[in-house]
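Terminal number for the sequence shown in this note's numbering: 232, no gaps in between.
In this text, a Cβ means the ideal position worked out from N, Cα and C, and glycines have one as well.
I have placed the structure first, in the form of structure tokens, so that the comments after it can refer back to it.
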Amino acid sequence: MNNIIPLCNTTCVMFIHVCCLFFISAQSIEDQIPVTAVQPGDDFMIKCSGSYEMNDRIHWFRQTPGHTIKFIAEVYYKEDSFKDNHFSFTIKDNLRVMNIRNVTKEDEAIYYCQIKDGYVQDLIGSTFLIVNGKPDHILLQSPSSASVSSGGSVSLQCSLQSKDNITVQCSQHHKVLWFRAGSEELNTGVMYNFTNNSCVYSLSKTIGHSSDTGTYYCAVDTCGHVLFGDGTRVEMGQSCLSQKSFLK
């Protein structure tokens, strides 16, 4: 039988003020997590291909930024498909597909597929799904890029504003997450929880090794709506900083 565990309803939860831990063993993947943006109401398909044996099980997971990873479903190799009102899982040859129908803001997350053969669990794919809506606020992230010498620091900033460019009344319930998409291992970096009443969020990051480089994003949880910055590409080189801000 297929084993499907429905996702819990999204609630406003405090971002965890620790390094994000993944409870799966990741193999080498691309140095960038693919990011896909869709509109509410769209259908979204995640493909996951690999080489499998008849007794293998395919696990699907999701992780909302700032929260722990959650199990979605387990599908056996020999079974053709499974459907419910929101998710469907199909296996044809070596192509594994998960479909999300009528996407909502609550579906915004990083999705993973994984095979399990006995005690071996190999992560073979990940996709960051962003659901664009029409929020009342915008999130400005700067700089757009930074080049830092080894051992140097880079300062990142995100500013939450209303669409009419008037500074928004900040709630102390807003939580901010900084995460790095570029990595040889799957991780979301370090989370910072700001409890002051400011709508400007900053992160100072020391770039000690090439593994610290990549694209850093900020995400602000406004208790039900998560807004994302457009990212800052951090590279090692001469210390120069692009001051270009760009709009999400």
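When secondary structure is reduced to three states using DSSP, D205 falls in the strand class. DSSP places E92 outside both helix and strand once states are collapsed to three, so it counts as coil. Cβ contact annotation for D26 (same chain, cutoff 6 angstroms, sequence separation greater than five): V87, in chain order.
Fewer than three pairs of CB atoms, one per stretch, sit closer than 8 angstroms, so the segment 39 to 51 makes no contact with the segment 126 to 146.
Between the C-alpha atoms of Q23 and V115 there is a straight-line separation of about 6 angstroms. Beta-bridge partners of G136 (DSSP): I191. Following the DSSP letters along the chain, one finds Q125 inside the beta strand (DSSP E) bounded by residues H121 to S126. F71 is the residue among C142, F71 and K89 whose C-alpha sits nearest the C-alpha of V81. The criterion of a C-beta distance shorter than 7 angstroms is not satisfied by V204 and A130. Per DSSP, I17 lies in no beta strand (DSSP E) and is assigned neither H nor E. According to DSSP, G198 shares a beta bridge with V218. Within the same chain, P119, H121, I122, L123, L144, A203, V204 and K232 come within 8 angstroms of L211 by CB-CB distance, once the 5 residues on both sides are set aside.
Around the CB of G192, fewer than 16 other CB atoms lie within 10 Å, so the residue is classed as exposed. For I53, there is no enclosing beta strand (DSSP E), since its DSSP letter is neither H nor E. In the structure shown, G25 adopts coil according to DSSP, grouped into three states. Across the structure, I17 and V59 are spaced so that their CA atoms are roughly 23 angstroms apart. Here DSSP, grouped into helix, strand and coil, assigns G109 to strand. Annotation: V87 is outside any beta strand (DSSP E) and is labelled neither H nor E by DSSP. Taking the Cα positions, S186 is about 21 angstroms away from S134.
Within the same chain, and ignoring the five residues on either side of N83 in sequence, the residues whose Cβ sits closer than 6 angstroms to its Cβ are M29 and S72. Going by C-alpha positions, T52 is about 18 angstroms away from G109.
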